[in-house]
Amino acid sequence: MPVIALRPVTDADVEPLFQMMRDPEAVRMAAFTSDDPDDRAAFEAHLARIRDNPEVTNRVITEDGEIVGSIACFVMHGDTEITYWIDRSRWGQGIATQALALFLDLVKTRPLHARAASDNAGSLQVLQKAGFAPIRTEVSYAVGRLADIEETVLLLA
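Mapped onto full-length UniProt numbering, the consecutive letters of the sequence shown carry residue numbers 1 to 157.
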């Protein structure tokens with residue numbers, strides 16, 4: 001059985017993370033992404049800010065030592081939010097579920113908020129398995145779709 005683990009982000013992780021986060025289908029499904037997923041300089045600057053911010057917990061997700069995603073939590077407008085990204089080639093394999101469980105053991109802050117495009121059934125299922133409950137929906141502009149879409153906001157108390 002593959003071993004899923006979390007570890008701090010290193011300089012060597014920049015390239016694989018950049019490549020997986022610019023996959024067009026993954027960007028469309030995530031919906032709420034950077035303005036230009038192909039802008040390497042902007043990606044590196046954003047990652048540097050995250051890594052330097054003591055209020056952010058950011059980890060690489062590995063499967064048997066290979067990078068397969070990332071997971072983080074950060075404070076936005078007074079709420080601690082969680083976000084994750086799984087390489088599209090690994091969707092549907094339970095990696096996000098396992099990584100989220102590991103992350104929730106690491107990060108004890110509660111409540112935690114999460115957001116997902118309301119049509120992203122896979123991500124919503126992962127979050128609900130971990131105990132997040134939907135609390136509302138919002139319509140927001142999604143750069144990854146170039147349109148306003150419905151977003152589900154979830155809470156882990």
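All residues carry an ideal CB built from backbone N, CA and C; glycine is no exception.
Being a predicted model, the structure only gives us computed values, none of them experimental.
Inset, instruction - Could you tell me whether any non-hydrogen atom of the ligand COA is closer than 8 Å to the CB of D105? - result: This structure simply doesn't include the ligand COA, nor any ligand for that matter.
Inset, instruction - Might you give, ordered along the chain, the residues of its own chain that have their beta carbon closer than 6 Å to the beta carbon of A142, omitting 5 neighbours on each side? - result: A31, F32 and I149
Inset, instruction - Quick one: using the 10 Å Cβ neighbour count with 16 as the cut-off for buried, is G65 buried or exposed? - result: exposed
Inset, instruction - Report yes or no: do the stretch 10 to 22 and the stretch 102 to 110 share at least 3 C-beta pairs separated by less than 8 Å? - result: Judged by Cβ distances under 8 Å, the stretch 10 to 22 makes no contact with the stretch 102 to 110, as fewer than three pairs qualify.
Legend entry - For T33, three-class secondary structure by DSSP: Three-state result, T33: coil.
Inset, instruction - For the UniProt domain "N-acetyltransferase" (4 to 156), list the beta strand (DSSP E) runs that are entirely contained and at least 3 residues long, ordered along the chain. - result: 4 to 8, 57 to 63, 66 to 76, 79 to 86, 112 to 117, 133 to 142 and 147 to 156
Inset, instruction - With distances taken Cα to Cα, identify the nearest neighbour of L154 among V126, S123, G78 and R115. - result: Measuring from the Cα of L154, the nearest candidate turns out to be R115.
Legend entry - Whole-number beta carbon distance between M1 and D87, since they are thought to touch under 8 Å: Not a contact, Cβ separation roughly 19 Å.
Inset, instruction - Can you have a look at P54 and say buried or exposed, based on whether 16 or more other CB atoms are within 10 angstroms of its CB? - result: exposed
Inset, instruction - Using a threshold of 9 Å, state whether the C-beta atoms of I71 and T80 are closer than that. - result: no
Inset, instruction - Rounded to whole angstroms, what's the CA-CA distance from Q98 to F132? Just pull it up for me. - result: 15 Å
Inset, instruction - State yes or no: is the C-beta of R51 within less than 9 Å of the C-beta of V9? - result: yes
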